[in-house]
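First up is the structure itself, then whatever we jot down about it.
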Amino acid sequence: MSLPSVYGDKLAEKLTLLNERGRGVLVRVYNLKKQQLGPVHRDRGDIVRVLAPFYQTFLDVLEFRDHVYELLNTIDASQCFFDIAVSSALLSLRAPFARRCRDAELWRQEQLLSLLGPTGDLLSPATSDSAYTSVAKAPLPLVSHGDVARAMGLVVFHTRLLDQPEELLEETSDLSQLCFHARSLERMFSAALDEPSMLRFAIAFPLLCAHFSRCPHPMCPEEYPQLEAAALGLCHKFLEELARVGSACVLDACAEQHNLSQQLLPKHCAATISRARVKKTPKQPPRKRDPQRDKPGTESQRRDRTLTTNMDKLHLTLSELALSFNHVPNFTVFGHTVTPAEYLSSHLETRLTRAIVAMAGYSQATQEVARPSEVLAGLVAYMGQVQRLGQLVALDTGRLLRAVLLQQSQPRDAGGQPTLAAIYTDWYLEALLRQASTGAVLLSPALQAFTTVPREEQPPFSAAEFSDVSELRALAELIGPYGMRFLSENLMWHVGSQVTELKKLVAENMDTLVQLRCCRAEQRPALLPRLSSAENVLKRMTIIGEILSFRAMAQQGLREVFSQHCPFLTGPIECLAELVTPDTDIQVTLSIFELASAAGVPCEVDPALVAALASGRTEGSSPEEEYKVSCLLLVFVAVSLPLLAADPASLYSPELDGEGCVTVTVTVTVT
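Following this note's numbering, the numbering of the sequence shown begins with 4 at its first residue and continues without gaps.
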């Protein structure tokens, strides 16, 4: 080197910085090549967003090239030559060699050989036998003496083991380079999920993403957003897949429990009773019969424990997954806190909601649906299995079940799909009550349910199996007070539409009804033939009575369920409803009655019916006109009642404890 050492050191420092920056640019180019070539075929906005790092990288490459050329020209103009064979390890020995290689004259000038000098300085030798190992004239070239390099590396490694064990352990366990091998990680993760014994270690793949924060190079801070997005996306993908496998296993176990609970339903005991009666009767010639079904509980009887059932396999898989989810409560990826159990909770909430709706088996085309009691039995089985899951995984099963059941009390769930409340509301309105309006289903006060009339074309269901006390209680358990309120609002909307049609019939016969209201008995025979649509009035009054009767039974079921779950809340609500007097303000009265109606307590004034009738009120009509129409409607019904004498459905039936649906429901409507 012809220039002073100071200038050479500055140029060497600049060259070192450019070398480091060049490495950073190469790392970024490699990163872009690995990760950013996939979305090129998307639309223009995505292409511009993805190619922006390419553009910035090329600008940095051009700038880096200019700096390198400028520095090389400066070195050439300064006639400065660097020996690149000299390593940093040998440069660190520059000061000791300068001292050891001085001649005797310099030693005497510095009094290193003086007997009067310090004793410690006499220990430093005047000459040094250190060997050059990297230069051309070295007597000990490293190329031909590889053992020396290995020994030096071993000494350095052992020194780090003694002096820097924490840094060495962190460097050894660093897996951040796997950030650039996402496809390999995904293949290994899929292989781990396919092997049941490896499920407990599957959480290592999301935890691996926490190491990716060490990937950004100090000279390339602009790579941080891309690496952050890649790490979070990969971690999210791993946890989503792990939660999907876990939720699928939980739902399979719930389905097994549901099948076992279905075997205990009362409808399956008929075959057992029939076989028991056949055994008591004298022997008859053998005939072809259905294969005998196993009794509930036989699946738990085993002679050999090595025989594993499907439930055993599911429990083993759940145990392995629980170890994976319980490994860490949470971890951090690029400053974002990730909780694995929340992924499982989210998947379970979505899949449980779909499974509960699927248990109803509703078909809008055939109007088929499962009985509420059967769905409730399946729901109890599902809830028991999910609560047992809480013993394995640190999961808030109470919050999970409350969220799922609360969605079933609303018309739509979180995904916008119909819930049990919407399904059963549509079925009772479109199937049961529509059949009742045609006379195929009758109201039985004795049975407190609707019954199917025996005829040739019967509905595809038994009305008593869906409208008795036990089924309405199960319905209230399933959809809760919110769902029962939604059912009541829909029922009252239909009542309001029927009242609107009755008002139109009254308006068509207004003159005749006014004369019938004011005239004497001897004038009525002449006025009755002038009335039109008397049968239509009775028909609509019957429909209103059917809806109100069904709602009263549903409210009774809600009251029994509410008093069973909240006995200390039912008493105050009933007491508050009894304190209402005619002198109480109408708004206060409606508020109290709305509270009582939500608990299933019967009220003198039905707030849902009041709201439905108020919505159908004619604009611009005065209260006097509404009162006049109501009175004329009662006159219309009164003069139309003799038509019921010729109706076969009005005959008294001892089995039903009534005269049929027509007379009973008309009475309810008038009342």
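All C-beta atoms in this analysis are idealised placements derived from N, C-alpha and C, irrespective of residue type, glycine included.
Do you know offhand how far residue i's Cα is from residue j's?
i	j	result
Q411	S491	16 Å
L598	T584	16 Å
A479	A557	8 Å
F639	A452	29 Å
T621	L508	14 Å
S536	A510	12 Å
N539	R527	20 Å
A246	L351	8 Å
V642	A443	26 Å
L530	E504	22 Å
E607	G387	41 Å
D63	A55	12 Å
G381	P343	28 Å
G149	G156	11 Å
P167	T309	Residue identity check: residue 167 is Gln in the sequence provided, not Pro. Taking the straight line from one Cα to the other gives about 52 Å.
D177	Q266	55 Å
A361	S303	27 Å
G619	Y427	25 Å
T587	P610	15 Å
K17	R163	29 Å
E549	P570	30 Å
Per DSSP, what kind of secondary structure is residue i in: helix, strand or coil?
i	result
R620	coil
H464	Looking at the sequence itself, residue 464 is Phe, so the reference to His does not match. Three-state result, F464: coil.
S366	strand
P421	strand
C218	coil
P605	coil
G393	coil
H184	coil
N539	helix
A205	coil
Q304	coil
N22	helix
T311	coil
Q112	helix
P585	coil
N329	coil
A614	helix
L178	coil
Would you kindly check if the distance between the Cβ of residue j and the Cβ of residue i is under 8 Å?
i	j	result
R24	F67	yes
F553	L436	yes
S327	R203	yes
E433	Q370	yes
V253	V389	yes
V456	L445	yes
L324	G418	no
L516	L635	yes
A234	F334	no
A615	V498	yes
P319	P199	Residue 319 is actually Leu in this sequence, not Pro. A contact, by the Cβ cut-off of 8 Å.
A753	N493	Given a span of 4 to 674 for the chain in the structure shown, any question on residue 753 remains unanswerable.
H261	A363	no
D255	L196	no
C238	V341	yes
V30	H220	yes
What residues in its chain sit with their C-beta under 6 Å from that of residue i, if we drop five residues either side in the sequence?
i	result
G603	Q558, L561, R562, F565
E577	V604
L612	M495
Among all the DSSP beta bridges, which residues are the ones paired with residue i?
i	result
V444	T455
V336	H339
H371	This sequence places Glu at residue 371; His is not what is there. For E371, which the question treats as bridged, DSSP gives the partners S366.
R415	P421
Keeping to the same chain, check which residues put their C-beta closer than 7 Å to that of residue i; ignore five residues upstream and five downstream.
i	result
F241	F192, F208, P209
E243	Y346
L181	L188, L211
N313	E259
E377	L268
R488	A601
Cutting at 8 Å between CB atoms, please list the residues of its own chain near residue i, excluding the five before and the five after it.
i	result
V407	E352, L355, T356, I359
Does any heavy atom of the ligand GTP sit closer than 7 Å to the C-beta of residue i?
i	result
R190	Questions concerning the ligand GTP fall outside what the structure shown contains, since it holds no ligand whatsoever.
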